[in-house]
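Chains as they are written, first to last, in this note's numbering: chain A, 1 to 194; chain B, 1001 to 1194.
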């Protein structure tokens, strides 16, 4: 099985006016995506920000849950946050994944603005099952990853859509849905098909 | 197509020690689940709490985004929060769904503790497509819906699981995943199968 990595980018991302900005690291993003990551077998969640002070702050919050009072208070939170790493930029994140897994990762993006996807979720699900090469899924905060980052990815996954044209999911919700599509147990569906 | 309703219960739910408690209404739950609900075609999201002061507070926050400064600042947030209703308990929620849709809703629960599910996600997806009867999906905050509420439901959906035994998703993530399983566009999978 391919080792799966996630990166949550706080730069470079768009704001609602299409400007490239650095967003603030939010506690809820880290907790929610770490919990979903841990549930779906993600090896590491990289929280990526160029802002040193925000990495420091996030590091202190993680320490609270991993070794401080929080570790005793909520053991399942500790288990989830253990997969979190702080990183300065995408380059260093890629290097770290390669160092840990022994091979350069393939990069995947998904975005509400994805045009012309190059790979389906079903195909990536199969790739995870059959390949050994590390896979790094990129998610953007704010109003999403810049075209530059999207262009760097090896594959673009389809935008998540419901029955409507509205698609403004939080990045927390989008990451959870993508992980479920890729790694969710499907026994009940197997059952339903028989 | 069956009209789909969601209810987020803040009582009665368990805390981490298995005590029945009333949890606080959190802003992020409302925003995230409303955005996912709006994306996946949910007609109403009921935020259910017996605490009058918390319904008042939530109402003021909703008004900010629906008619206050927030409506101008972020139009997509306004569109999402328009589906939110505040409700005092499950009884009144059911009555409200019936009044709005013209029939009493079928009740569904999903929980990390679901034992012996009575319906698969695939089967409920089909039911949404083929039925006209309103469906009400119940989600619990805290450490989940009480056995009493679970026992009241017409159907129990399987617990969400990944590749691991760990399953401590946030209710925000769980709701998003369930909606995607039930109402997510699946064109790319159709394509992949051909």
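No residue lacks a Cβ here, since even glycine has one placed at the ideal position from N, Cα and C.
Check                                                                                                                                                                                      : Outcome
Give the residues of chain B in contact with residue 28 of chain A, contact being defined as C-beta atoms less than 7 Å apart.                                                             : 1028
Decide if the region 31-49 of chain A is in contact with the region 1089-1098 of chain B; the criterion is three or more beta carbon pairs, one per stretch, under 8 Å apart.              : no
Which residues bound the beta strand (DSSP E) around residue 87 of chain A?                                                                                                                : 84-87
How should residue 23 of chain A be labelled, buried or exposed, when 16 other C-beta atoms within 10 angstroms of its C-beta is the threshold for buried?                                 : buried
According to DSSP, is residue 1047 of chain B part of a helix, a strand, or is it coil?                                                                                                    : strand
Verify the CB distance criterion: does residue 70 of chain A have a CB-CB separation below 8 Å to chain B?                                                                                 : no
Under 8 Å by Cβ, that's how I've got residue 65 of chain A and residue 90 of chain A pegged, so tell me the actual separation to the nearest angstrom.                                     : Not a contact, Cβ separation roughly 26 Å.
Mind listing, in chain order, the continuous alpha helix (DSSP H) runs of no fewer than 4 residues lying wholly within the region 47-118 of chain A?                                       : 52-66, 69-73, 75-81, 90-101
By Cβ distance below 7 Å, which residues in the same chain neighbour residue 1001 of chain B in space, the five residues on each side in sequence not counted?                             : 1128, 1129
Buried or exposed: where does residue 1063 of chain B fall if 16 or more other Cβ atoms within 10 Å of its Cβ makes it buried?                                                             : exposed
Cutting at 7 Å between CB atoms, please list the residues of its own chain near residue 162 of chain A, excluding the five before and the five after it.                                   : none
Please list, in chain order, the residues of the region 1003-1035 of chain B that have any C-beta partner in chain A closer than 8 Å.                                                      : 1016, 1028, 1031, 1032, 1035
Under three-state DSSP, which class holds residue 121 of chain A?                                                                                                                          : helix
In whole angstroms, give me the CA-to-CA distance for residue 52 of chain A and residue 83 of chain A.                                                                                     : 20 Å
Please report the straight-line C-alpha distance between residue 77 of chain A and residue 1170 of chain B, rounded to a whole angstrom.                                                   : 11 Å
Between residue 6 of chain A and residue 46 of chain A, which are expected to be in contact by the criterion C-beta below 8 Å, what is the C-beta distance as a whole number of angstroms? : 7 Å
Could you tell me whether the region 1148-1165 of chain B touches the region 128-146 of chain A, using the rule of 3 or more Cβ pairs below 8 Å?                                           : no
In chain B, which residues lie less than 7 Å from residue 177 of chain A when you measure between Cβ atoms?                                                                                : 1176, 1177, 1180
When the Cα atoms are used, what is the spatial distance from residue 147 of chain A to residue 1010 of chain B?                                                                           : 41 Å
Of all the CB atoms in chain B, is at least one closer than 8 Å to the CB of residue 170 of chain A?                                                                                       : yes
Around the C-beta of residue 1120 of chain B, are 16 or more other C-beta atoms found within 10 angstroms, so that it is buried, or is it exposed?                                         : buried
If I measure Cβ to Cβ from residue 1150 of chain B and keep anything under 6 Å in the same chain, skipping five residues before and after, which residues do I get?                        : 1109
Can you confirm whether residue 118 of chain A, when its beta carbon is compared against all beta carbons of chain B, has any partner nearer than 8 Å?                                     : no
Counting along the chain, where does the alpha helix (DSSP H) carrying residue 172 of chain A start and finish?                                                                            : 171-183
Measure the CB-CB distance between residue 176 of chain A and residue 1177 of chain B and report whether it falls below 8 Å.                                                               : yes
If the cut-off is 8 Å on Cβ atoms, which residues from the region 137-162 of chain A count as contacting chain B, listed in chain order?                                                   : 158, 160, 161, 162
In chain A, which residues lie less than 9 Å from residue 1049 of chain B when you measure between Cβ atoms?                                                                               : Chain A residues near residue 1049 of chain B: none, gap ~20 Å exceeds 9 Å.
Considering residue 156 of chain A, what are the terminal residues of the beta strand (DSSP E) in which it resides?                                                                        : 155-157
Between residue 1114 of chain B and chain A, is there a C-beta pair that is closer than 8 Å?                                                                                               : no
Mapping the DSSP letters down to three states, classify residue 144 of chain A as helix, strand or coil.                                                                                   : coil
What whole-angstrom Cβ distance do residue 112 of chain A and residue 86 of chain A have, given they're in contact under 8 Å?                                                              : With 8 Å as the limit, residue 112 of chain A and residue 86 of chain A do not qualify as a contact, their Cβ atoms being about 26 Å apart.
DSSP on residue 1013 of chain B, reduced to helix/strand/coil?                                                                                                                             : strand
According to a CB-to-CB cut-off of less than 8 Å, which residues of the region 57-68 of chain A neighbour chain D?                                                                         : Absent here is chain D; the protein component of the structure consists of chains A and B.
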